[in-house]
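Participant: In the working numbering, the protein residues as written are 32 to 837.
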RNA sequence: GGGCGCGUAGCUCAGCGGGAGAGCACUCGCUUCACACGCGAGGGGUCGCUGGUUCGAUCCCAGCCGCGCCCACCA
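1. Taking only the alpha-carbon atoms, compute the straight-line gap between residue 235 and residue 360 and give it to the nearest angstrom.
2. Which residues in the same chain have their Cβ closer than 7 Å to the Cβ of residue 706, if we skip the five residues on either side of it in sequence?
3. Taking the C-alpha atoms as reference points, what is the distance between residue 230 and residue 253?
4. Are the CB atoms of residue 573 and residue 601 within a distance shorter than 8 Å?
5. Taking Cβ positions, are residue 731 and residue 693 nearer each other than 8 Å?
6. Find the nearest neighbour of residue 561 within the set 64, 548 and 78, judged by alpha-carbon distance.
7. Count the other CB atoms, across all protein chains shown, that sit within 10 Å of the CB of residue 806; report buried if there are 16 or more and exposed otherwise.
8. With 16 as the cutoff for other CB atoms within 10 Å, does residue 673 come out buried or exposed?
9. Please name the residue, chosen from 465, 323 and 531, that lies closest to residue 309 on a Cα-to-Cα basis.
10. Starting from residue 160, trace the alpha helix (DSSP H) in both directions and tell me its first and last residue.
11. Of all the options 522, 353, 119 and 294, which has the alpha carbon lying nearest to the alpha carbon of residue 891?
12. From the DSSP output, read off the bridge partner residues of residue 443.
13. Give the range of the alpha helix (DSSP H) segment to which residue 602 is assigned.
14. Distance, Cα to Cα, residue 471 vs residue 463?
15. Apart from the five residues just before and just after residue 45, which ones in its own chain have a Cβ nearer than 8 Å to its Cβ?
16. Determine whether the beta carbon atoms of residue 527 and residue 399 lie at a separation below 8 Å.
17. Where residue 382 and residue 315 are concerned, what is the direct C-alpha to C-alpha distance, given to the nearest angstrom?
18. Give the single residue among 576, 733 and 485 whose Cα lies nearest to the Cα of residue 178.
19. Considering only residues of the region 233–286, which uninterrupted beta strand (DSSP E) runs meet the minimum length of 3 residues and lie entirely inside it, listed in chain order?
20. Just how far apart, CA to CA, sit residue 821 and residue 796?
21. Assign residue 300 to one of two classes, buried (16 or more other C-beta atoms within 10 Å of its C-beta) or exposed (fewer than that).
22. Quick one: grab the DSSP three-state call for residue 315.
23. Write down every uninterrupted run of the beta strand (DSSP E) in the region 392–460 whose length is 3 residues or greater and which is fully enclosed by it, in chain order.
24. Grab me the residues of residue 364's own chain with a C-beta within less than 7 Å of its C-beta, minus the 5 sequence neighbours each way, in chain order.
25. By the 10 Å Cβ neighbour count, where 16 or more other Cβ atoms means buried, how is residue 459 classified, buried or exposed?
26. How many whole angstroms separate the CB atoms of residue 711 and residue 703, which I take to be in contact at a CB cut-off of 8 Å?
27. Just list the alpha helix (DSSP H) runs in the region 476–557, keeping only unbroken ones of 4 residues or longer that don't cross its boundaries, in chain order.
28. Straight-line CA distance for residue 88 to residue 72?
29. Please classify residue 720: does DSSP put it in a helix, a strand, or coil?
30. Taking C-beta to C-beta, are residue 7 and residue 449 nearer than 8 Å?
31. Spatial neighbours of residue 465 within its chain, please: C-beta separation below 6 Å, excluding the five flanking residues on both sides.
32. What residues match up with residue 333 in a beta bridge as DSSP calls it?
33. Residue 221 bridges to which residues according to DSSP?
34. Taking only the alpha-carbon atoms, compute the straight-line gap between residue 34 and residue 171 and give it to the nearest angstrom.
35. Apply the 10 Å Cβ neighbour rule to residue 595 and answer buried if 16 or more other Cβ atoms are within range, or exposed otherwise.
36. I think residue 372 touches residue 544, with their Cβ atoms under 8 Å apart; what is that distance to the nearest whole Å?
Given below as structure tokens:
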């Protein structure tokens with residue numbers, strides 16, 4: 032194949048992606064030997080498309096997977112999708128709306144059918160995009176959280192929890208999204224600063240006179256008030272506790288109670304208690320046995336035991352009515368503007384309505400306790416380590432999980448009711464009520480929170496609850512890599528579910544990767560128009576360059592996106608391509624190598640050093656270090672010095688040098704492959720007598736013997752410079768010709784500006800070491816090892832200087 | 001309100017107790033037979049501010065200023 036001077040990744044990459052997959056090189060075989068290395072991909076939403084976070088995470092995971100595959104591990108990278116309850120339902124509902132149909136008109140069964148149709152047509156495109164990035168997932172093992180087998184796992188999990196007694200049904204306060212028409216979890220609530228009015232209203236004493244003032248941002252909820260609370264130590268109100276006040280508009284007599292949770296500093300120090308519409312009030316209400324009234328319905332409209340003329344109004348309209356009423360009755364004390372954070376549905380952006388509703392819950396205490404123990408005993412390591420405590424703190428403050436959702440798309444709860452209202456929980460539809468034996472069972476309409484099924488991902492994809500060869504072989508896995516906002520939603524729940532159902536944490540390391548922000552520092556988001564499509568980057572620069580650039584950018588914290596590292600990756604691919612042209616262009620290649628030339632010993636030592644850095648970086652998940660080491664070993668060591676040094680020998684047709692150059696290039700390709708798989712495989716395929724694939728080639732051993740031979744570096748530098756200039760003698764300007772004539776020596780080792788620079792460096796080092804050792808306080812106070820180290824360095828520098836000056 | 005992180009060259013970032021670095025950008029020189037997506041040489045930084053610890057601080061500690069993220073039931 033002709034090697035053009037300009038490397039064009041387009042076409043080459045797709046070709047290798049097809050080959051690798053068709054040749055079965057991505058496939059994980061549980062029958063094969065070897066230590067296992069397993070990563071389950073965070074399942075993307077089935078409706079989703081590749082965004083920057085996916086691309087970065089794909090680059091990270093694939094680098095780890097390819098590295099381990101080359102090291103001989105039995106490697107599984109598990110692909111698949113999440114059904115993403117709310118998100119998917121919203122997508123299909125939107126499409127229906129365009130057709131002028133509502134989901135209610137269509138009915139549940141037809142709607143779910145419609146979702147499946149949509150998925151068959153448009154779903155899952157992201158897996159093709161992972162392929163385009165070069166991700167070596169075992170695509171034959173693709174799983175979906177709505178697969179029949181996966182649904183069984185979800186049902187088993189629910190029933191398991193039910194039998195443990197941890198599942199319960201209760202009227203409790205939930206985050207209600209009136210737009211999505213479902214409860215959502217705390218983790219799907221986004222707090223946004225909002226300008227509200229704080230309304231101060233006076234509640235008269237039932238016995239007449241005075242009363243007590245409270246502040247509220249939601250006057251409409253006054254209609255659901257069941258008490259007024261003050262702090263027990265608040266002397267202003269000590270005489271009022273136990274008395275009754277009258278709730279405005281509805282005229283209900285409610286008690287004044289004392290509770291520690293009231294902040295005497297805020298507002299008037301007295302707070303109206305509305306258990307039906309406020310989370311804190313709900314808890315206070317439960318502790319004081321107060322009724323839980325709701326006046327705002329699931330549709331966001333006023334309802335319940337309120338004046339008829341208010342029924343059906345929006346909350347805002349009702350608030351206006353209440354404020355007017357207060358004003359007329361002279362119970363309105365003041366209104367002031369008030370800025371505070373209010374929960375919004377992160378999907379629809381709608382303001383959350385906290386309200387009491389009948390839902391299914393999981394008591395998480397026991398599972399959390401096991402997870403806490405596991406985390407505290409260090410059975411899972413977070414990268415960066417600071418996230419360990421974040422995960423732990425959340426587990427320690429865990430609350431019951433509202434798992435029921437009022438949606439149609441998802442795993443319907445395995446709960447059936449008989450005519451008498453008894454509950455039967457079973458994995459499959461029961462014939463009769465477990466309690467009374469009655470028939471005519473109806474199934475609960477709700478579906479499970481999407482994350483309930485996600486919690487099972489690492490093992491349900493391997494066949495659990497069945498005892499499969501894959502499950503036995505590949506569980507527990509090794510690494511899980513995700514974005515930071517997923518720690519609670521997913522990581523912690525996988526840890527809890529894995530411990531509960533299989534007794535082991537699904538992975539030993541959790542990578543929380545950087546968030547890549549837009550160049551201006553804002554979040555990348557479609558709605559803000561700040562998103563950058565990784566597929567565009569791949570189309571322009573190639574998957575290798577994109578992978579390299581993303582890894583180079585990533586670090587322990589968030590980073591701003593910049594195209595520069597990706598362009599750097601593109602140059603690296605091109606450079607590699609061209610140095611391969613040089614090496615492979617040599618006429619003949621010898622089969623055996625005996626004596627090694629100094630430059631070969633030198634490049635071997637440099638590759639050893641680079642390999643150590645790459646291993647170190649991959650092992651510690653510091654991918655920007657890996658990219659950095661690869662860039663410098665390729666450009667600085669391999670191309671600028673080694674290739675330049677051997678050029679004359681290559682031109683002369685020295686087969687021995689050419690053979691060694693090929694061997695050295697092979698090793699470089701192996702180091703680069705986990706990050707830049709395509710260009711390295713393409714070059715590999717053109718090496719002499721190469722039939723196997725680089726993707727399946729063994730990672731090289733470190734040579735190790737030449738690591739201490741750094742002085743050769745100087746000889747190489749000199750030689751390279753001489754050769755380089757020798758080749759262009761004719762085109763040098765007079766000044767360069769003067770330098771050229773000065774440096775060319777028959778033995779190819781001569782003083783040069785490069786050696787001068789090295790001498791200057793050593794002189795500086797010697798001066799610094801001498802200064803420190805002359806510092807009496809340093810010698811007296813510093814650690815003895817440090818002083819010794821300085822002495823040794825000084826001696827070494829002096830010896831090197833001596834050698835150079837020969 | 002709680003927690004975490006970041007402010008180092010024009011830009012994006014690495015370094016984290018004894019010489020201030022990389023890539024890009026910039027300047028100068030090269031139509032060099034692997035590569036102009038190249039090669040060589042070079043300019044550019046009081047390492048956010050103020051104190052403290054130390055023989056020595058970009059690096060450790062405290063405070064301040066600026067920026068960001070996560071979590072959060074003060075109405």
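Virtual Cβ for every residue (Gly too), placed ideally from N, Cα, C. Here the structure is a predicted model, which is why all the values come from computation and not from measurement.
Facilitator: According to the structure shown:
1. Along the first chain, one-based indexing puts residue 235 at 204. Along the first chain, one-based indexing puts residue 360 at 329. When rounded, the distance between both Cα atoms is 11 Å.
2. By one-based count along the first chain, residue 706 stands at place 675. So the list reads 94, 578, 579, 582, 657, 658 and 661, once near-sequence residues are dropped.
3. The residue given as residue 230 occupies position 199 in the first chain. The residue given as residue 253 occupies position 222 in the first chain. As the crow flies, the alpha-carbon of residue 230 is around 11 Å from that of residue 253.
4. Taking the first residue of the first chain as 1, we reach residue 601 at position 570. Taking the first residue of the first chain as 1, we reach residue 573 at position 542. Yes, they are a contact pair.
5. In the first chain, counting from the first residue as 1, residue 731 sits at position 700. In the first chain, counting from the first residue as 1, residue 693 sits at position 662. If you check the CB distance, residue 731 and residue 693 do not come in under 8 Å.
6. Within the first chain, numbered from 1, the residue matching residue 561 stands at position 530. Among 64, 548 and 78, the Cα nearest to that of residue 561 is on 548.
7. Position 775 of the first chain, counting from 1, holds the residue named residue 806. With fewer than 16 Cβ atoms within 10 Å of its Cβ, residue 806 is classed as exposed.
8. Position 642 of the first chain holds residue 673. By the 10 Å Cβ count, residue 673 comes out buried.
9. Position 278 of the first chain, counted from the start, is the residue given in the question as residue 309. The residue with the shortest Cα to Cα distance from residue 309 is 323.
10. Translated into positions along the first chain, residue 160 becomes position 129. Its alpha helix (DSSP H) spans residues 156–163.
11. As displayed, the chain neither begins before 32 nor continues past 837, which places residue 891 out of reach and without an answer.
12. The residue given as residue 443 occupies position 412 in the first chain. Paired residues: 478.
13. For the purposes of this step, residue 602 is taken as residue 571 along the first chain, with counting starting at 1. Run containing residue 602: 595–616, per the alpha helix (DSSP H) assignment.
14. As a first step, residue 471 must be located in the first chain, where it is residue number 440. As a first step, residue 463 must be located in the first chain, where it is residue number 432. Rounded to the nearest angstrom, the two C-alpha atoms are 8 Å apart.
15. Here residue 45 corresponds to residue number 14 of the first chain, with the count starting at 1. The answer, listed in chain order, is 163.
16. Sequence index remark: in the first chain, residue 527 carries index 496 (1-based). Sequence index remark: in the first chain, residue 399 carries index 368 (1-based). Yes, they are a contact pair.
17. In the first chain, residue 382 corresponds to position 351, counting from 1. In the first chain, residue 315 corresponds to position 284, counting from 1. Per the coordinates, the alpha-carbon of residue 382 lies some 23 Å from the alpha-carbon of residue 315.
18. Within the first chain, the letter at position 147 stands for residue 178. Selected option, being the one with the closest Cα: 485.
19. Within the region 233–286, the runs of beta strand (DSSP E) at least 3 residues long that lie entirely inside it are, in chain order, 243–247, 258–261 and 275–277.
20. Taking the first residue of the first chain as position 1, residue 821 is located at position 790. Taking the first residue of the first chain as position 1, residue 796 is located at position 765. One alpha carbon belongs to residue 821, the other to residue 796, and they sit about 10 Å apart.
21. Within the first chain, numbered from 1, the residue matching residue 300 stands at position 269. Residue 300 comes out buried.
22. Within the first chain, residue 315 is the residue found at index 284, counting from 1. DSSP places residue 315 in helix when its eight states are reduced to three.
23. As far as the region 392–460 is concerned, its whole beta strand (DSSP E) runs of at least 3 residues are 412–414, 446–448 and 454–456.
24. As a first step, residue 364 is located in the first chain; it is residue number 333 there, counting from the start. If we look at residue 364 and ignore the five residues flanking it on each side, its Cβ neighbours are 231, 232, 233 and 244.
25. Position 428 of the first chain holds residue 459. For residue 459, the number of other beta carbons within 10 angstroms of its own is below 16, and it is reported as exposed.
26. What you label residue 711 is simply residue 680 of the first chain in a count that begins at 1. What you label residue 703 is simply residue 672 of the first chain in a count that begins at 1. Confirmed, Cβ separation roughly 5 Å.
27. Uninterrupted alpha helix (DSSP H) stretches at least 4 residues long and entirely within the region 476–557 occur at 481–485, 488–491, 500–505 and 523–533, given in chain order.
28. Residue numbering aside, residue 88 sits at position 57 when the first chain is read from its first letter. Residue numbering aside, residue 72 sits at position 41 when the first chain is read from its first letter. Taking the straight line from one Cα to the other gives about 9 Å.
29. Indexing the first chain from 1 puts residue 720 at position 689. Assignment of residue 720 by DSSP, reduced to helix, strand and coil, places it in the coil class.
30. As shown, the chain starts at 32 and ends at 837. That puts residue 7 outside it, with no answer to give.
31. Walking along the first chain from the start, residue 465 turns up at place 434. Same-chain partners within the cutoff: 455.
32. Counted from its first residue, the first chain places residue 333 at position 302. Residue 333 is bridged to 327.
33. The residue given as residue 221 occupies position 190 in the first chain. Beta-bridge pairing links residue 221 to 375.
34. For the purposes of this step, residue 34 is identified with residue 3 of the first chain, where counting begins at 1. For the purposes of this step, residue 171 is identified with residue 140 of the first chain, where counting begins at 1. Rounded to whole angstroms, residue 34 and residue 171 show a C-alpha spacing of 34 Å.
35. For the purposes of this step, residue 595 is identified with residue 564 of the first chain, where counting begins at 1. The residue in question, residue 595, is exposed, as its Cβ has fewer than 16 Cβ neighbours within 10 Å.
36. As a position in the first chain, residue 372 is number 341, starting the count at 1. As a position in the first chain, residue 544 is number 513, starting the count at 1. The Cβ separation is near 27 Å, so there is no contact.
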